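S.K.:
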Amino acid sequence: MTATPSSLALLHELIAFPSVSRSPNIALLERIQALLNQAGIASSLVCDPTDPGRANLFASTGPMDAPGIVLSGHTDVVPVQGQPWTSPPFEATQRDGRIYGRGSADMKGFVACAVHTMLQAADKPLQRPLHLALSYDEEIGCVGVRHLLQALRQRNLPAPLLCLVGEPTLMQIGLGHKGKSAYRARCCGQEGHSGLAPRFANAIHAAADLVSAIREVQSDLATTGPREAGYAIPYTTIHAGRIEGGKALNIVPGECVLDFEIRFVTDDHPDDVLACVREKTLVRMQQAAQLQGCTTAPAAPAIEQLVAYPGLRTASNAPGVQLLARCLPAHTPHTKVAFGTEGGLFQQLWDKTPVVVCGPGSIEVAHKADEYIELAQLDACDAMLAQLTDSLCLREGAG
Ligand SMILES: [Zn+2]
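And the structure:
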């Protein structure tokens, strides 16, 4: 029998796979599969329907007919181009009690701890199963995990006691995040000589009306929209993030494309917010057209949804949350996180299962140059996961 590699050793290996979203992660998964195999743990891959180089991995150890615990993480990382890294991003560099490297915090640190825990669990007398769910293309809108969830739906596993999404929370207990819906709006106008500008519908002006509507809706949401406690910004937010339009200054622009997103609290629905934006945009465009003396009604922007994922809200008194709390230091804070996760999608699959976001490292350093994780965070995560595993060794009703 070979010794189980430590989480730290695994993290070194994982960082060396440049598993940027949209690029292959299969080599990384095959390495994990080999380790699981050695420990006698079966695993399966659920590949992207269009690209066998990108896949999810699902593995289980322990009796499958009982409710267990799911450890969930994503294997993709964000790109490094244009960031001033002081050490190679795809090479783990250890200094000052930290590991530097792309994905160290978001979220290969947790993935390393989760794999280590699975390998350890293979030798324990589990009464209930421990599952590992690793996804791809999370960073571009929780794209890959949807294929895994589809496959899991067909398996009919007993609803787990707890689904732990190990995104970086500095090991705090994350009980919620907002949902997100992202859109692309195409504003159409008519090209023409700018010397005759008022005769043509200007697509950039239409996009400006859309932006104004977005800002008005945001201001309404901030003053009268539903509130959800626990967030730094406790209401639904909407903002324009990217705009592109026009060919030359002396041509009235015929097209302008605007990307915007809504991050919504539980009591808001993005469709309702979007409907307000559409209505206010149209009112503005009609007013502008009247002022300009246009006789034809302006064309409303064509808005398509780019990505969306649901929000997460987990009750703090759910048994699974209390189980997790017992595996963490006393008085570990509950929190709501400012980023999205796959947690809301897992909650849709298993609506009785508490889904909690809790993992090592800080989101503050994620997606940036010189991303790092403290070694102490890896240790804290290992300790928590070992306790969770031990809880699975107790007979039903014990503990
Ligand atoms: Zn992440």
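Residue numbers for the sequence shown follow UniProt numbering, so the first one is 1 and each next one is one higher.
Cβ coordinates follow ideal geometry from the N, Cα and C atoms, glycine included.
Since the model is a prediction, treat every value here as computed from it, not as a measurement.
1. Thinking A240 and L258 are a contact (beta carbons under 8 angstroms), I'd like their distance in whole angstroms, please.
2. Using DSSP with H/G/I as helix, E/B as strand and the rest coil, what is C393?
3. If you draw a straight line from the C-alpha of Q150 to the C-alpha of L392, how long is it?
4. Identify, in the order they occur along the chain, each residue of the same chain with its Cβ nearer than 8 angstroms to the Cβ of H147, setting aside the five sequence neighbours on each side.
5. Is any heavy atom in ligand 1 found nearer than 8 angstroms to the beta carbon of A133?
6. Helix or strand or just coil, what does DSSP make of A355?
7. Let me confirm a value: D65 is counted as buried when at least 16 other C-beta atoms fall within 10 Å, else exposed. Which label applies?
8. Exposed or buried, which one is D352 when buried takes at least 16 other CB atoms within 10 Å?
9. Curious, which full-length alpha helix (DSSP H) runs of at least 4 residues does the stretch 6-64 contain?
10. Our contact map puts P310 next to L349 with C-beta atoms below 8 angstroms; I'd like the distance itself, whole angstroms only.
11. Would you list, in sequence order, the uninterrupted alpha helix (DSSP H) runs of no fewer than 4 residues that lie entirely inside the stretch 164-211?
12. So what does L71 bridge to, in DSSP terms?
13. Just to check, is the beta-carbon of H177 closer than 8 angstroms to a non-hydrogen atom of ligand 1?
14. Should E167 be counted as a contact of ligand 1 given a C-beta to heavy atom distance under 8 angstroms?
15. Pairing CB atoms from the stretch 364-378 with CB atoms from the stretch 213-220, are three or more of them under 8 angstroms?
16. If I follow the unbroken alpha helix (DSSP H) through F346, where does it start and stop?
17. With a threshold of 8 angstroms on Cβ separation, who are the neighbours of residue 400 within its own chain once the five nearest residues in sequence on each side are excluded?
18. With a threshold of 8 angstroms (Cβ to nearest heavy atom), would Q107 be considered close to ligand 1?
19. In the structure shown, what three-state DSSP assignment does F339 receive?
20. Where does D272 sit, in a helix, a strand or coil, going by DSSP?
21. Should the stretch 205-212 be called in touch with the stretch 279-288, which here means at least 3 C-beta pairs below 8 angstroms?
22. Report the rounded CA-to-CA distance for R242 versus Y183, giving the unit in angstroms.
23. Closest by CA to L291, which one among A232, I173, I26, A201?
24. Under the assumption that Q190 contacts G254 (Cβ atoms under 8 angstroms), give the Cβ distance between them as a whole number of angstroms.
25. Measuring straight from C-alpha to C-alpha, what distance separates V273 and R95?
26. At a threshold of 8 angstroms, does T341 count as lining ligand 1 (C-beta to nearest heavy atom)?
27. Judging by CA-CA distance, which residue of S87, S104, C113, V77 is the nearest neighbour of I140?
28. Nearest-angstrom Cα distance between C188 and E91?
29. What number of angstroms, rounded off, separates the C-alpha of L130 from the C-alpha of C163?
30. Give the straight-line distance between the Cα atoms of A159 and T281, rounded to the nearest whole angstrom.
31. I need the straight-line Cα distance from R128 to P84, nearest angstrom please.
32. Quick one: residues in its chain with C-beta nearer than 6 angstroms to the C-beta of A318, no 5 flanking neighbours on either side, listed in chain order?
33. Pick from D137, E30, E13, M118: whose alpha carbon is nearest that of S104?
34. Return the residue from the list T4, V70, L11 that minimises the CA-CA distance to L324.
35. Judging by CA-CA distance, which residue of G82, A297, R186 is the nearest neighbour of K368?
36. Figure out for me which residue from L249, R199, I251, G176 has the closest Cα to the Cα of P234.
M.R.: This is what the structure gives:
1. Right, their Cβ atoms sit about 6 angstroms apart.
2. Correct three-state label for C393: coil.
3. Approximately 26 angstroms, taken between the alpha carbons.
4. Cβ-Cβ distances below 8 angstroms link H147 to V46, C47, D48, P49, N56 in the same chain, with the five nearest sequence neighbours on each side left out; the list follows chain order.
5. Not so, every heavy atom of ligand 1 lies at least 8 angstroms from the Cβ.
6. Looking at the sequence itself, residue 355 is Val, so the reference to Ala does not match. If DSSP states are grouped into helix, strand and coil, V355 belongs with the strands.
7. Classification for D65: exposed.
8. The sequence given here places Lys at residue 352; Asp does not occur at that position. Classification for K352: exposed.
9. Those alpha helix (DSSP H) runs which fall completely within the stretch 6-64 and span 4+ residues are 7-15, 26-38.
10. The beta-carbon separation of P310 and L349, rounded to 11 angstroms, does not stay under the 8 angstroms limit for a contact.
11. Runs found: none.
12. Under the DSSP definition of a beta bridge, L71 partners with L132, L164.
13. No, the beta carbon of H177 sits no closer than 8 angstroms to any heavy atom of ligand 1.
14. With a cutoff of 8 angstroms, E167 counts as near ligand 1, since its C-beta is closer than that to a heavy atom of the ligand.
15. As far as the Cβ criterion goes, the stretch 364-378 does not touch the stretch 213-220, which means the pair count is below three.
16. For F346, the uninterrupted alpha helix (DSSP H) segment begins and ends at 343-349.
17. A question about residue 400 goes unanswered here, because the residues of the chain that appear run from 1 up to 399.
18. Before going further, note that residue 107 is Met rather than Gln in the sequence given. For ligand 1, at least one heavy atom lies less than 8 angstroms from the Cβ of M107.
19. In the structure shown, F339 sits in coil (DSSP, three-state: anything other than H, G, I, E or B).
20. Of the three classes helix, strand and coil, the one that applies to D272 here is helix, per DSSP.
21. They touch, by the three-pair rule.
22. Between R242 and Y183, the C-alpha separation is close to 11 angstroms.
23. The shortest CA-to-CA distance from L291 to any of A232, I173, I26, A201 is the one to A201.
24. Contact flag correct, Cβ pair sits at about 6 angstroms.
25. About 47 angstroms.
26. True, at least one ligand heavy atom lies under 8 angstroms from that Cβ.
27. Residue V77 is the option with its Cα nearest to I140.
28. Looking at the two C-alpha atoms, the distance is approximately 47 angstroms.
29. In a straight line, the C-alpha of L130 is about 10 angstroms away from that of C163.
30. Their backbone Cα atoms lie some 45 angstroms apart in a straight line.
31. Taking the straight line joining both Cα atoms gives about 46 angstroms.
32. Within the same chain, and ignoring the five residues on either side of A318 in sequence, the residues whose Cβ sits closer than 6 angstroms to its Cβ are P354.
33. Taking the Cα of S104 as reference, the smallest distance to any Cα among D137, E30, E13, M118 is reached at E13.
34. Residue V70 is the option with its Cα nearest to L324.
35. For K368, the nearest C-alpha among the options comes from G82.
36. Answer by Cα proximity: G176.
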